[in-house]
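Going down the list, the protein sequences come from chains R and Y.
Numbering (the numbering used here) for the first sequence: 1 to 251.
Numbering (the numbering used here) for the second sequence: 1001 to 1565.
See below for the structure under consideration.
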Amino acid sequence: MVVKRLFTLSGVFLILLFALLCTRDGNIASAASNIYVRVTVVPDDIDHDGYSNDEEIAAGSNPADPDSTPGITQLNLYTGVNFISLRADVLSMRNAVTLLESLGGSQVIPRVLIFDPGSQSFIEAGYNEAGEFYGENYAFTAGQGNLGLVIYSKEDTVVVFSSVYSPAWNLKQGINLVGIPNTVTGLTASNLLDRIGGEVVVNSMSGYNGETGRFETMAYYNGQLVGVDFRIVPGEGHFIFMKNEVLGFRP
Amino acid sequence: MKQLYSYFVNAIIILIALLCPATVSWSAIIIQDVTPSDVTPSGFAVIWQTSEYAVPGISIFSDPDGTTEITNQLEITPLPLYSGNPGIAGEYEQEAELENIRLMAKSNGLMKIRVAGCLPQTTYYYKISSAGAGGEVAVWPAGTLTSVTTTKENSFIADSKQLLVTVDDQGGAINPAGWLVSGAEVPPVGGEALFGVSSYVGDGAAVNQAYINLSNLFGADGLNWTLSGTREIILEIRRGWGSTTVYKTISLDFSNNFSVSSVIEILTEPDTDNDGIPDPWEISNFGDLTTVGLTTDFDGDGLLDIDEYSNNTDPKDSDSDGDGMPDGYEVANSLDPLDDGSIDPNNGPDGDPDGDAHTNIDEHLAGSSSNDINSRPVDINIALHKGLNIFGYPVTESTGLTSFELLTLAGDNTEIEKILVYDKINNIYKEVFYDGTGPAGDSIAIGFGDGIMVYSMVDKTISFNPVIRPFNSYIECAPVDLAAGLNVTTFPCVPSGYTSYTLLADIRVAGGDTSVSSLQRYNPGTGEFDTAAYHNGQLIGVDFPIVAGEGYFIYMKQGLAGFSP
């Protein structure tokens, strides 16, 4: 690492020297010219998450976001509908088309609904019967974490990503489709609702149980928790209905 | 501690119930009310009732003949529960609560078994079983396997509603744990009933509550139910063998899209005498649980007490809204028994919701329906001439009328010589008359439209109106069925200016060019029969007027059902 950094600094020094000696037209400047150049040395790990920028770029994670790191993320899709929260960074996918391709393309994924909490609605994209893309090629932005997706799969499949994204939750008033990136021991709907802030800020939480094909819901009703106290599993998408906005919540 | 004591007491009661029959004899377990429930793309459940304590079982086959059993390939969960009472802290206590619910369900004979690991849109054939405490096993069905088809690969819900069904346990006097509650859409008329979703009381909520997630309803197309507008949901609350199942229909507004937070509480009340009427209502109105029951009508208004309860009317007041129409009449005719017209004029005495130009109160007094334009008060006067008279019986009698009764109604032995009523079954006229002691002869039941011959000794008028026959003595403009051959019939409602020619022409329009041959009436004025007929496609004969209530002979070449002039 030290040798690599010395090599980088020496390279910067040579470039500076060359810039000092050259004019705009490429001729060697006289020693009397005064040219000032600001030099910024880029840190090798700008987000200080323990992974070098090169490693992050290679893995598809965001080198400027400590919540986005290289790592193996496995997405299990079952035949039929899947409610998920994408645990990988969407930075390398850019938009809905590349997302669909990364999930297997038209042979595997006929349709994806991307939840937009801002508009409280789903944006649909997919492939028609001719295998052509249809819908909105929704563009992802850096820092867009906890991408809530409803994915229709033609077959049971496993998709592996090389990044892990575990940001804080910014829960907006209304519906949020979110999930946890990593296992939290003993985390269930009831204690997650409690940790978010209880009945004052949150109303209910629903999840789809792919094994039973049923929706399960935990809700507050007159101060009482009712419903199914389902486990919160990494990667599964859960609907959280917020009465009030809660920003920066970490499950 | 109180909870543990409750479990202990329940366990003792069930133990006694299990041991006592063992010392006498074993009775065969009865299985009934088998219903599929909670059908999803990946599984289904079956719920049923047994006559005694039992443990549920199921065998699954891939073929209708039951030759290939696949039970072992699937995940079977008897008495499936979600999470018990979320208010109970502690894993041990929670598990004890779940076991208590299962124990009570088995004791009540309220069986449910869950099958998971299925494929979407796949038919599974099954038979269920109930194993009693002594090892005896009942199996259903006895013959051909029944089946259920899993739903499609799931669509996405647009809305969600959860029902919280709260049982009034009278402060703990009643233990509803283990009762089985199911919810489903009220099937539309002629539509397909959907698979319901079910839950045990005590699971997913407090000990006296059941939690129903309507997001798990699937439509007839196999996709998640499309929720929109106001829909009616029927709740079925099974309480165990020998206890009346409670039904409650509720209207829910699903118009708010994408809400996963709508918990709606439905209250149910205890019914210790199992008459379908909740105890608090009986106590409040009568002070006891014995005065009224399933078939009583305390105030005699034509509305059973159980229906007084469901309609929220006063069981001790025959006219709860005081608008002159009894509660029974109002409910039967879709009028609000609690609105005298001040809220909606159509519910009041001067309203006319069926638009037949007769007010509700007039229709009530006449016995006609205020909710059917074809049912309206009409005074029918049949003019009898001295000699032979022929007419069709114009009155719909729900209680039936015999020719003896008609003879008495038409006149005494100084006025009426005899009456012949056409027996449509045997195609003969049956005769009644007065002998020295009263009506005699071959009396038969008279129905609407039956042909009647009256030999009168005087000119007189007989009236079929509410004064003479106050019960249901109205005219229904009901269609007439004309059989091939001779028909002696009448038409209760006839357009103005209608004649024999227009009647024959209308029959041909309705039944075809070769449907009718001729039409005759007896003309008491001339003592002759007038005839109108088709001959080579031309109408010939007497174009006599057609009068409501008069009897006519119609010769049909082929039958014509449901004809109205």
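Here a beta-carbon is modelled for each residue, glycine too, at the ideal position from N, C-alpha and C.
Residue-chain proximity (residue 75 of chain R, chain Y), Cβ-Cβ < 9 Å | no
Cβ-based burial, residue 1112 of chain Y [other Cβ within 10 Å; buried from 16] | buried
Which of helix, strand or coil DSSP assigns to residue 1132 of chain Y = coil
Between the segment 1350 to 1364 of chain Y and the segment 1319 to 1332 of chain Y, do three or more beta carbon pairs fall short of 8 Å?
-> yes
In three-state DSSP terms, what is residue 194 of chain R?
-> helix
As assigned by DSSP and simplified to three states, the class of residue 1245 of chain Y | In this structure, residue 1245 of chain Y counts as coil in the three-state DSSP scheme.
What residues of chain R sit near residue 1121 of chain Y, judged by a beta carbon separation below 7 Å?
-> Neighbours of residue 1121 of chain Y on chain R: none; closest Cβ ~11 Å, over 7 Å.
Classify residue 1280 of chain Y as helix, strand or coil using the three-state DSSP reduction.
-> helix
Bounding residues of the alpha helix (DSSP H) (the contiguous stretch that carries residue 1507 of chain Y) = 1500 to 1511
Rounded C-beta distance between residue 171 of chain R and residue 246 of chain R? I'm assuming under 8 Å.
-> About 5 Å; that satisfies the 8 Å criterion.
Flag residue 1071 of chain Y as yes if its beta-carbon sits less than 9 Å from any beta-carbon of chain R, otherwise no.
-> no
Could you check which residue in Y/1435, Y/1042, Y/1195 and Y/1514 has the C-alpha nearest to that of residue 1186 of chain Y?
-> Y/1195
Have a look at Y/1056, Y/1206, Y/1098 and Y/1268 and flag the residue whose alpha-carbon is nearest the alpha-carbon of residue 1032 of chain Y.
-> Y/1056
At a Cβ cut of 7 Å, what residues of the segment 1050 to 1083 of chain Y count as close to chain R, listed as they run along the chain?
-> 1082 and 1083
In chain R, what lies closer than 9 Å to residue 1184 of chain Y by C-beta?
-> None at all; the shortest Cβ gap to chain R is about 15 Å.
Applying a beta-carbon distance threshold of less than 7 Å, which residues of chain R neighbour residue 1096 of chain Y?
-> Within 7 Å Cβ-Cβ: nothing; residue 1096 of chain Y doesn't reach chain R, min ~16 Å.
With respect to the beta strand (DSSP E) encompassing residue 1535 of chain Y, which residues constitute its N-terminal and C-terminal limits?
-> 1528 to 1535
Which bits of chain Y does residue 225 of chain R rub up against, with CB to CB less than 9 Å?
-> 1086, 1087 and 1205
Take every Cβ of the segment 214 to 233 of chain R, pair it with every Cβ of the segment 1062 to 1081 of chain Y, and state whether three or more of those distances are shorter than 8 Å.
-> no
If you run the structure through DSSP and keep just helix, strand and coil, what is residue 1029 of chain Y?
-> coil
Residue 244 of chain R to residue 250 of chain R, Cα distance in whole Å?
-> 16 Å
Which residue comes first and which comes last in the alpha helix (DSSP H) that contains residue 1114 of chain Y?
-> Unbroken run through residue 1114 of chain Y is the beta strand (DSSP E), 1110 to 1116; no alpha helix (DSSP H).
Which stretch, first to last residue, makes up the alpha helix (DSSP H) that contains residue 1523 of chain Y?
-> Not the alpha helix (DSSP H): residue 1523 of chain Y falls in the beta strand (DSSP E), residues 1516 to 1523.
Which class does residue 218 of chain R belong to by DSSP, given the choice of helix, strand or coil?
-> strand
Are the beta-carbon atoms of residue 136 of chain R and residue 125 of chain R separated by less than 9 Å?
-> yes
Indicate the three-state DSSP secondary structure (helix, strand or coil) for residue 1141 of chain Y in the structure shown.
-> coil
Of the residues R/60, R/210 and R/226, which one's Cα is nearest the Cα of residue 253 of chain R?
-> This structure gives no information on residue 253 of chain R, because the portion of chain R shown stretches from 1 to 251.
So with Cβ pairs under 9 Å, would you call residue 195 of chain R a contact of chain Y?
-> Not a single CB atom of chain Y sits nearer than 9 Å to the CB of residue 195 of chain R.
Among all the DSSP beta bridges, which residues are the ones paired with residue 1557 of chain Y?
-> Answer is none; residue 1557 of chain Y lacks a bridge partner.
Could you tell me if residue 1561 of chain Y is buried or exposed, where buried requires 16 or more neighbouring beta carbons within 10 angstroms of its beta carbon?
-> exposed
Mind checking which residues open and close the alpha helix (DSSP H) that includes residue 1200 of chain Y?
-> Run containing residue 1200 of chain Y: none in the alpha helix (DSSP H); it sits in the beta strand (DSSP E), 1197 to 1200.
Evaluate the contact criterion for the segment 191 to 202 of chain R versus the segment 112 to 120 of chain R: three or more CB pairs, one atom per stretch, below 8 Å.
-> Flag = no, the segment 191 to 202 of chain R and the segment 112 to 120 of chain R do not touch.
In angstroms, rounded to a whole number, what distance separates the CA positions of residue 1228 of chain Y and residue 198 of chain R?
-> 30 Å
Output yes or no for whether 9 Å exceeds the beta carbon distance between residue 1491 of chain Y and residue 1504 of chain Y.
-> no
Listed from N- to C-terminal order along the chain, which residues in the segment 213 to 239 of chain R have their beta-carbon within a distance smaller than 9 Å of any beta-carbon of chain Y?
-> 213, 214, 215, 216, 217, 218, 219, 220, 221, 222, 224, 225, 226, 227, 228, 229, 230 and 239
Listed in chain order, which residues of the segment 80 to 105 of chain R have Cβ atoms closer than 9 Å to some Cβ of chain Y?
-> 80, 81 and 83
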